[in-house]
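Q: Chains as they are written, first to last, in our numbering: chain V, 1 to 398; chain P, 1 to 398.
All C-beta atoms in this analysis are idealised placements derived from N, C-alpha and C, irrespective of residue type, glycine included.
Below are the structure tokens for one structure; questions will follow.
Here you go:
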């Protein structure tokens, strides 16, 4: 019984997509999100020291906490493109702002795709007018499609919340697929809401939600130069702005947490070449940091991920990963589960290999490591590592 | 013009191999190294917190700095096997020592293979007598063969050094293939020499050599529970023991460095599924630690390794890896080379993609990142990531 994703769109947002043939012709690779009124905006960005030009530009802009438009391209990351890349990003923003009739400071830009190739400005610039003129002709779904790179399906979801008696909406899209790792990924995420939210509160809520979702997924351990998550709150619901102290805040945070978690789950599900979705839970760790380190070590281990692909209940590789994660723990107290089957009890095998092998054959697998060392728990999402991952990434550019 | 490896064996060492059918029948999987006289011995061991039973036992024994025999099995790592595993390791040592007529403290034990499965003691114990009785019937080469797991060829080399007018020999074997990562690997390495070396000097020389060889190779970023490098110096050359202050020490260290480097190179060459040997050099970094972190980030990146496999001169992934390595550097000063082709100049593309693609097709590739930030330089060895790595590791246990 598959539930279709809720695709309700908040009031006052308009969309447009077009083809700029940025990497190659044949698909819509250029998109615009526009709010009919100026909005509060917040963002989180890659921790990679090598930041793409659009990321550097967004980081400067977001200090104002105000925005109205986001222009996005796939096919070229505009990363490692030097001064020319920075100028190209500024030029796109300038032309788009002019076409939209808004201030330059209100237009944000995001790029994803190949690193190190100059932006094909001769094809991009003439297309911006078409993009701005087409606002309203496309859906949020279409934008989710236009920002895809090696993704195999668009990722969209939404939540409805009662705010002061009115129904507010939060909707989000994202792209991911490869290079997904701690502290985000070649991951772009755009969240829109018509709920009025005070600017500092919006930033804190996004940071918290991202910390528990996009920062806890990993496909291959690589962190991209372009990761960006933006949230725009245009206040069209006409509610009294939500602040940290509002009675509505917990509901807003919960909805945002759910939304980002669902989107991050879709990213892992669509991991390059993945055949299985894997939840790694490390529980009863001494600290949350310990739990996160151990869970990430397991989730990033090529040996664990290939064993999962091969339906091999090879828990030794899980113990080894916890062992080299850097945390201090007592191996003789550790239990390991594949779904509900306890394969390791007190650090040694529990003779449940046959039952565990049956669990491995399922499309979704939950690996739980119980350290019996404290009370902290962290869940990380990952996928298996397959020949298709190699093929996709060996052939991506050529 | 391939040079055959020098396989000279130091005086006074004897070898034996036999079949104990530890994982399955059909190959010699049990080996013994024996010195006719008591030797100085030193070792380095995995940094993984989860240490196999034989590793824990060796760490205790090595405090004495004395040894005479090493008993080694492949097919079972005796890791995550609890109190029973510890007892099994002790029992093997006890039986072997008795058969060899030496003290228990002089016999070391190493295991490699699957984690978490109890040692098949009913097959191992009766075989020890045969192993001890067969001393002299096998070569060091045969031992190199017996300790292999997913290795495709045995790894052996040696060096000769003039010491006080006499010709001393250092010979070494190792196994590797998968789970090779910083701070060693499922890597076993045994080095034998007839040169007398003072015990603290022997330990310091081994530690230094391992730091620049086995600790600077990576296949998949996983660190095993069993890594061990042991060196035995039996003094049969009858020289005055080499100490840190001896005039012969630099030559001894150099020979040991060369030997471990050659062995570590053979491990990478035989990386699971590898088709190419890759040297990653990060030079002109601010500190050696920075250089090591950046080089390891590149060498461990699945995206870099798949691009190399696909002959794709995708330098953007290299810049991204340096970016997330955690080091502080100025991207606008970084140059990147594939062999001698400069693909990145001052952080942006140098329009040499076609030339670089030609370099990618070679069996050995050198990636150099020049940070222009200082004087520190580190070289790390790795290999490409291929579909065969996935196949080998998805099917290893089943």
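With 8 Å set as the bound, which would you pick, yes or no: does the beta-carbon of residue 48/V sit closer than that to a beta-carbon of chain P?
A: Closer than 8 Å to some Cβ of chain P, the Cβ of residue 48/V qualifies, so yes.
Q: Say whether chain C places a C-beta atom closer than 8 Å to the C-beta of residue 329/V.
A: The displayed structure is made up of protein chains V and P, and chain C is not among them.
Q: Bridge partners of residue 143/P, per DSSP?
A: Answer is none; residue 143/P lacks a bridge partner.
Q: Any idea which residues DSSP pairs residue 232/V with across the strands?
A: In the DSSP output, where bridge partners are listed per residue, residue 232/V has 41/V, 192/V.
Q: With H, G and I counted as helix, E and B as strand and the rest as coil, what does DSSP make of residue 366/P?
A: Strand at residue 366/P.
Q: Take residue 67/V as the anchor and find which of 314/V, 231/V, 265/V, 321/V has the nearest alpha-carbon.
A: Among 314/V, 231/V, 265/V, 321/V, the Cα nearest to that of residue 67/V is on 231/V.
Q: Which residues, in order along the region 272-306 of chain V, keep a beta-carbon less than 8 Å from a beta-carbon of chain P?
A: Within the region 272-306 of chain V, the residues whose Cβ lies closer than 8 Å to some Cβ of chain P are 300, 301, 302, 303, 306, listed in chain order.
Q: What residues in its chain sit with their C-beta under 7 Å from that of residue 301/V, if we drop five residues either side in the sequence?
A: 317, 321.
Q: Hey, is the region 333-344 of chain P in contact with the region 21-32 of chain P, meaning 3+ C-beta pairs nearer than 8 Å?
A: Short answer: they don't touch.
Q: Roughly how far, in whole angstroms, is the beta-carbon of residue 52/P from the beta-carbon of residue 123/P, given that I think they are within contact range, below 8 Å?
A: Contact doesn't hold; Cβ gap of about 19 Å is too wide.
Q: Just checking: is the beta-carbon of residue 111/V within a distance shorter than 8 Å of some beta-carbon in chain P?
A: False, the Cβ-Cβ gap to chain P never drops below 8 Å.
Q: Indicate the three-state DSSP secondary structure (helix, strand or coil) for residue 218/P in the structure shown.
A: Looking at residue 218/P - three-state DSSP - the assignment turns out to be strand.
Q: Which residues in the same chain have their Cβ closer than 6 Å to the Cβ of residue 299/V, if we skip the five residues on either side of it in sequence?
A: Counting only Cβ-Cβ distances below 6 Å, and skipping sequence neighbours, we find 218, 280, 380, 382.
Q: What's the call for residue 181/P, buried or exposed, on a 16-neighbour Cβ count within 10 Å?
A: Unreliable positioning characterises residue 181/P in this predicted model, as indicated by a pLDDT of 40, which lies under 50. The coordinate reading is nonetheless provided below. By the 10 Å Cβ count, residue 181/P comes out buried.
Q: For residue 2/V, collect the residues of the same chain with a Cβ closer than 6 Å to its Cβ; drop the 5 residues on either side in sequence, then sort them by chain order.
A: Confidence in residue 2/V is poor, its pLDDT being 43 and thus under 50, which makes the residue's placement too unreliable to answer from.
Q: Determine which residues share a DSSP beta bridge with residue 114/V and list them.
A: DSSP output for residue 114/V lists 76/V as bridge partner(s).
Q: Taking only the alpha-carbon atoms, compute the straight-line gap between residue 360/V and residue 308/V and give it to the nearest angstrom.
A: Cα to Cα, residue 360/V sits roughly 7 Å from residue 308/V.
Q: Check residue 28/P in the structure and name its three-state DSSP category.
A: Correct three-state label for residue 28/P: coil.
Q: Use the C-beta contact count for residue 170/V: other C-beta atoms within 10 angstroms, 16 or more gives buried, fewer gives exposed.
A: Flag for residue 170/V reads buried.
Q: To the nearest angstrom, how far is it from the Cα of residue 205/V to the Cα of residue 127/V?
A: Each residue's Cα considered, the two are about 35 Å apart.
Q: For residue 167/V, count neighbouring C-beta atoms within 10 Å of its own C-beta (all shown protein chains included) and say buried if the count is 16 or more, exposed if not.
A: With fewer than 16 other Cβ atoms within 10 Å, it is exposed.
Q: Count the other CB atoms, across all protein chains shown, that sit within 10 Å of the CB of residue 273/P; report buried if there are 16 or more and exposed otherwise.
A: By the 10 Å Cβ count, residue 273/P comes out buried.
Q: At 4 residues or longer, what runs of the alpha helix (DSSP H) sit wholly inside the region 262-323 of chain V?
A: Here the runs fully enclosed are 288-300, 302-309.
Q: Kindly say whether residue 435/P, judged by its beta-carbon, lies nearer than 8 Å to any beta-carbon of chain V.
A: Lying before the first or after the last residue shown, residue 435/P is absent from chain P, which here runs from 1 to 398.
Q: So residue 55/V is in the alpha helix (DSSP H); what residue range does that whole segment cover?
A: Element bounds for residue 55/V: 53-61.
Q: In angstroms, rounded to a whole number, what distance separates the CA positions of residue 194/P and residue 385/P?
A: Their Cα atoms are separated by approximately 39 Å.
Q: Output, in sequence order along the chain, the residues in the region 345-357 of chain P whose CB is closer than 9 Å to any CB in chain V.
A: Going along the region 345-357 of chain P in chain order, one finds 346, 347, 348, 349, 357 with a Cβ nearer than 9 Å to chain V.
Q: Where do the N-terminal and C-terminal ends of the alpha helix (DSSP H) with residue 129/P fall, by residue?
A: 121-133 is the extent of the alpha helix (DSSP H) around residue 129/P.
Q: Helix, strand or coil for residue 50/P per DSSP?
A: Looking at residue 50/P - three-state DSSP - the assignment turns out to be coil, as it is neither helix nor strand.
Q: Any beta-carbon of chain V closer than 8 Å to the one on residue 427/P?
A: Nothing about residue 427/P can be reported from this structure: the residues present for chain P run from 1 to 398 only.
Q: Roughly how many angstroms lie between the CA atoms of residue 278/V and residue 235/P, to the nearest whole one?
A: Approximately 54 Å, taken between the alpha carbons.
Q: Specify whether the region 86-97 of chain V and the region 106-121 of chain V touch according to this definition: at least 3 beta carbon pairs, one from each stretch, less than 8 Å apart.
A: Touching, per the Cβ criterion.
Q: Helix, strand or coil: how does DSSP classify residue 381/P here?
A: Looking at residue 381/P - three-state DSSP - the assignment turns out to be strand.
Q: Who pairs with residue 336/V in a beta bridge, going by DSSP?
A: Bridge partners of residue 336/V: 344/V, 369/V.
Q: Strictly below 7 Å CB to CB, what residues from chain V border residue 81/P?
A: Under the 7 Å cutoff, chain V gives 348.
Q: Measure the alpha-carbon distance for residue 119/P versus residue 76/P and round it to whole angstroms.
A: Looking at the two C-alpha atoms, the distance is approximately 7 Å.
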